[in-house]
Every structure is written in C-alpha cells, then in structure tokens.
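From first to last, the protein sequence lines are chains A and B.
Residue numbering for the first sequence follows our numbering, beginning at 1 and increasing consecutively.
Residue numbering for the second sequence follows our numbering, beginning at 1001 and increasing consecutively.
Below you'll find the structure, written out as structure tokens, and then a few comments.
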Amino acid sequence: MAKTYEEINQRIRKGEAVVLTAEEMTGLVASEGAQKAARKVDVVTTGTFGPMCSSGAFVNFGHSDPPIKMSKAWLNDVPVCADIAAVDAYIGATALSDTEGMAYGGAHVIQDLIEGKWMKLRATAYGTDCYPRREIETWVNKDTLNQAFLFNPRNAYQNYACATNGSERTIYTYMGVLLPNHGNATYCSAGQLSPLLNDPLYRTIGLGTRVFLGGAHGYVAWPGTQHKPSVERSPGGTPLGPAGTLALIGDLKEMDSRFIRGARFHRYGVSMYVGVGIPIPILDEEMAAYAGVSDAEIQTTIFDYSQPTRSRDPLGRVSYAELRSGSIELKGRKVPCAPLSSYKVARQIAGTLKGWIEEGRFLLSAPVEPLPAEGAVLPLEIRDGEGI
Amino acid sequence: MARRRLVLTFPPEVVERPVVALLVRDYDVITNILRAEIHEGEIGRMLVELEGEGKRVREGVKYLKDLGVQVEEAITDIELDDELCIDCGACTAVCLPRALKMEAPDWELDLNKDRCILCGLCVDACPLQLITVKF
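In structure tokens, the structure reads:
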C-alpha cells in the first residue's frame, strides 16, 4: 500500500507519524522485512557529519556612509570573494587566513559567525562616483549582517573512497594523515546513516527537498557539483564509490555550531564539518527496502592516495561493516582503519530530525525536480588553445 | 652523564634488526624502553630513555639516524579538549598503540593515556586542533 507525501504530512501534523532513524530502520527491515516495515513506518531520518570542503556562505554587509563597492575583502584576515555587487560576499570554506595560514580559514569564520562572535571586516575598492569610499575597516557579527546563508555547492557525498598510502613516506591529505606502506586507511561516510545511501536512486531526494542543515532547516538547491550518478552499483542500488552529491542552502543565522565546525587538515588546508540530515518518506515497500540498507551491504573502493593523479588505481573493495570493525584486509595484511566523519554526531542529527518530525515542527517536501539519474564527471584537459 | 627521552620511529625494513641491542653494546648507552609498538613488516614506534656519557649518547643517536630511524624529542603529556571534540576519529588513524580509539557501539573517542607512547602524531591529525602536547 503506497503512501503520498500529503498523507505522511497529515500524520506529522497530527503527531501520529511513525519516525525511525536509518539505523533503527535497518534493524526493523532485517527483523520484519521491507513489506511490514513499509506499513509501520512513515519517515526514516538520516544524518551525516563530515568534512565537506565545497561549502561556503553568502553574506550582505549593508552599506557604509559614504558607501563602498568592495572589490577585495577580508573577515578576520581571511579573504572572501567580494566581486558580487557592492557589499555582497561569499565566504569560501577553504580560504586560508593571510596571517594564520592553515590554522584558521573560511570555515572557522563561518563557525565564528554562527557563534555570534564579532569579527574584523576589512575591504578595499577602486572608488566610483556612486561608491566613493576606497577602504573600510570595521567589526561585524551575524546580527549586523542583512543576510547570511550557507550555500554549499557539494555536500552529502553519496559514498566516498577509502584512502590508503602505498608510498614510503607519510602523506597529509584531506583524508587525514596516511602512514607509509599502507600503514593505515581512512574512510569518510556515515554508511547506513548517510542520506543518499538510504535513497540510492534519488526517488525522494531532489531539488526543493527540505533538510536539516547545520542545525537549522535547509533545502536541496541543486544537484551538487561533480554529481556522478552513472557509476557501478550494488544490487541494492548503492554506489561502490563516490556518486551523487547535493548543493544545499540554509540560513546561517539559525544554525548551531555543534553541527558546523571549522577544520584543518594538516598540510592540506581548511575544510568544514557540515551536519546534514534528510528525511526519507517511506512511500512504499521499495523505499522501506532502500532505507533498511545496512553497513554490510554498502561497499566502497580503496585507493592509494600517494598516486598524484586524477584516476588512481582501485586497490580493492570493502564494506562499511568491515571498515567499522577497525581493520581491513589489504594485500594480505591487516591494516588499521579510522573514520573521518563523526558517526556519533550523525546519530545526533538523525535523532534531532526525528524529534522535529515527531513534534510536527518539520514537514516533508516532495522534490520540485528529481536529481539527474544519469551523468558522469568531466575531467579538465590541458588544452593549448589550438583547434578549440 | 646525559639522559634523553626520545621517540624512535622505525621504518619496516629496520624493525627486524637488533637496533637497540647494538646501541647498548657498541655505544655503552643504557637504553630503557618505556613503551613500544613494534610489529614485523610494519612501522614501529618506541619511547626510550637513553642514558650515558654525553658524547656516547650523541653518537648513539647518530647511529640510529644513519639506520633510517626517525629520532624525535619525546613529549611528556598530551591533552585533549574533549568538550570541543566531535568524535570524528581522525586522530585514531595515526595512533598505532591504540591509546586513542573509537568503537561500536557508542563511537565516542576514548583516550587511554597508559597506552600512549607520546609520539605526538595525533596533534597534527586532529582536524579541530584540540590535542596539545607538553614537553
């Protein structure tokens, strides 16, 4: 028996909706089967809290008197992109401080804004008849900004690689510190709790889907950059490596820094831990089966990150159940492995979203448009300009 | 007499050689192994205290470096700000003695200082820069 979004929302409004986290759903589907689970459950909540470099925030500073058309601007010495009208700017999460380098960057600026901290704004301009001011130095916080919203071009990766290092020296990557001679391996997905792994073929997550973003309501704005649905998949539909992605938007002023944290990966740079949770409506038995996926059924591919190339050779496949055991088998050896994405916070997110829905504070939205179900990622070729 | 606390990192090809025994025999340096994490075919780490004549200790350290052993001054303690910790697990990737570990069912970071060999690798590995060392 199929359910509609409207029927589920009616039940949420009445406080009658049955909501399970994706972990709880995995248990229910394993014990009672997808058909029964589909009848019992209305919504499954997912969660993930990992470093998502492709993130940032648009802000509007308001106009000074006399006004300025900022062309270069800094917040706490971190350069922001101010080439958007006069006083709009985009804070890129991975920008590094001019004075502190990798110890502080755009992601830390965003975290500090969420926490209500004052920060130094500095900007320069060439000056025009209508915007005569050429420089400004002042202090701002989130309450002095007109708007501040996260607009993250690529979040919530549907699966991610397992990283290791086959070289003879330690390497420092966005996948953490990788010890030589496959001395360790790291992985970065919430697995069975991760949003797009619970809706592997994008039946319910699409443009306009209301989500949990950084502790506030947000939306899927667009397919994420490098969205790559055309990949090898398991029989259950989950991809065997990085695949779909989401561009997410949400109000920074409403966010909570427990779910948005500036991060620094040693000798790599700055990134941002972003908390994302997406509700999956259990429309029918198929959705129940998808949302019942377990870590044992989700596999990813191991790559050697010491290969400084775009397409690294796959070293093997491993399930999240194996990764979660703390070590994997690689080239006949036991290799210790560690996560980079916080499973504990992912659980908190799925639990918080569950609470919001149970209390009737969060309704589901049907996608306005589906995410593309096909498509690959284009490489950047080095072209010499001849014959283009 | 000189005394130095050092962290020695052995590349896999050196792990199987009697490095410490030779240090004692050839350089007359008293070598007290405080903690060690050594497995055949893997990188090994050892916290040692070397005691001997200043010149002999310096020569002993040079002998270790010539073998390809990485020699670093040991720290005396690490401190984790667990209020701000997000339990991501990135630090556990470099902690071979498993002083820092994270496991089912609660996936909370657990620091067991008794197992720590004070190598300090976790300081760089923590994305939130929450681990500090004392020398």
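No residue lacks a Cβ here, since even glycine has one placed at the ideal position from N, Cα and C.
Owing to the predicted nature of the structure, the values given are computational and were not obtained by experimental measurement.
key: Assigned secondary structure, A:Thr309 (DSSP; H/G/I helix, E/B strand, else coil)   = Correct three-state label for A:Thr309: coil.
Cα-Cα separation, A:Glu322 to A:Ala296 = For the pair A:Glu322 and A:Ala296, the Cα-to-Cα distance works out to about 7 Å.
ask   = Going along chain B in order, which residues have a C-beta closer than 8 Å to the C-beta of A:Asn141?
value = Within chain B, no residue comes near A:Asn141; the closest Cβ sits about 21 Å away, beyond 8 Å.
task = Flag this pair as yes or no: are the beta carbons of B:Leu1023 and B:Tyr1063 separated by less than 8 Å?
result = For B:Leu1023 and B:Tyr1063, yes; Cβs fall inside 8 Å.
query = Between the beta-carbon of A:Ala82 and the beta-carbon of A:Ala73, is there less than 8 Å?
reply = The answer is yes: Cβ separation under 8 Å.
query = According to the neighbour-count rule (16 or more other Cβ atoms, all chains shown, within 10 Å of its Cβ), is A:Phe259 buried or exposed?
reply = Around the CB of A:Phe259, 16 or more other CB atoms lie within 10 Å, so the residue is classed as buried.
request  = Tell me A:Glu135's beta-bridge partners as DSSP assigns them.
outcome  = According to DSSP, A:Glu135 bridges with A:Thr124.
ask   = Who are the neighbours of B:Ala1103 on chain A, taking C-beta pairs under 8 Å?
value = It is Glu, not Ala, that sits at residue 1103 of chain B in the sequence shown. Per Cβ cutoff of 8 Å: Gly326.
query = How about A:Ile91 and A:Val59: do their beta carbons lie closer than 8 Å?
reply = A Cβ-Cβ contact shorter than 8 Å links A:Ile91 with A:Val59.
request  = Less than 8 Å between the CB atoms is what I'm expecting for A:Asn146 and A:Gly56, so what's the real figure, rounded?
outcome  = The pair is not a contact, with the Cβ atoms about 17 Å apart (cut-off 8 Å).
Short Cβ contact (8 Å threshold) for A:Glu285 with A:Ala38 = Taking the C-beta atoms as reference points, A:Ala38 is found nearer than 8 Å to A:Glu285.
request  = For A:Leu340, go through chain B and note every residue whose CB falls closer than 7 Å to its CB, in chain order.
outcome  = Residues of chain B with a Cβ closer than 7 Å to the Cβ of A:Leu340 are, in chain order, Cys1088, Gly1089 and Ala1090.
ask   = A:Leu179 touches chain B at which residues, Cβ-Cβ below 7 Å?
value = One finds Ile1043 and Val1094 in chain B with Cβ atoms closer than 7 Å to the Cβ of A:Leu179, taken in chain order.
From A:Met70, A:Asn155 and A:Thr26, residue whose alpha carbon lies closest to that of A:Tyr126 = For A:Tyr126, the nearest C-alpha among the options comes from A:Met70.
query = What do you get for A:Glu23, buried or exposed, if any count of 16 or more other CB atoms within 10 angstroms of its CB means buried?
reply = Its Cβ being crowded by 16 or more others within 10 Å, A:Glu23 is buried.
ask   = At a Cβ cut of 7 Å, what residues of the segment 160-186 of chain A count as close to chain B, listed as they run along the chain?
value = Residues passing the 7 Å Cβ filter: Gly176, Val177, Leu179, Pro180, Asn181, Gly183, Asn184 and Thr186.
query = Which residues, taken in chain order from the segment 341-362 of chain A, show a beta carbon closer than 8 Å to some beta carbon of chain B?
reply = Cβ contacts with chain B: Ser341, Ser342, Tyr343, Lys344, Val345 and Arg347.
message = Would you say A:Phe265 lies against chain B (beta-carbon separation less than 8 Å)?
response = Proximity of A:Phe265 to chain B, defined by a Cβ-Cβ separation below 8 Å, is satisfied.
ask   = Can you list the residues of chain A that B:Leu1121 reaches, using a CB-CB cut of under 9 Å?
value = Near B:Leu1121 (Cβ distances below 9 Å), the residues of chain A are Thr170, Val177 and Leu179.
ask   = Which one of A:Ala123, A:Arg169, A:Asp112 and A:Thr4 has the shortest CA to CA distance from A:Phe61?
value = Measuring from the Cα of A:Phe61, the nearest candidate turns out to be A:Ala123.
request  = With distances taken Cα to Cα, identify the nearest neighbour of A:Lys36 among A:Val270, A:Ala89, A:Met272 and A:Ala288.
outcome  = Each of A:Val270, A:Ala89, A:Met272 and A:Ala288 was checked against the Cα of A:Lys36, and the nearest Cα belongs to A:Ala288.
ask   = What separation, rounded to the nearest whole angstrom, lies between the Cα atoms of B:Leu1006 and B:Thr1031?
value = Distance between the alpha carbons of B:Leu1006 and B:Thr1031 is about 11 Å.
request  = Can you give me the start and stop residues for the alpha helix (DSSP H) that A:Arg324 sits inside?
outcome  = Looking at the DSSP string, the run of the alpha helix (DSSP H) that includes A:Arg324 is Tyr320 to Arg324.
query = Of all Cβ atoms in chain A, is any one closer than 8 Å to the Cβ of B:Asp1081?
reply = Interface criterion not met: the Cβ of B:Asp1081 is under 8 Å from no Cβ in chain A.
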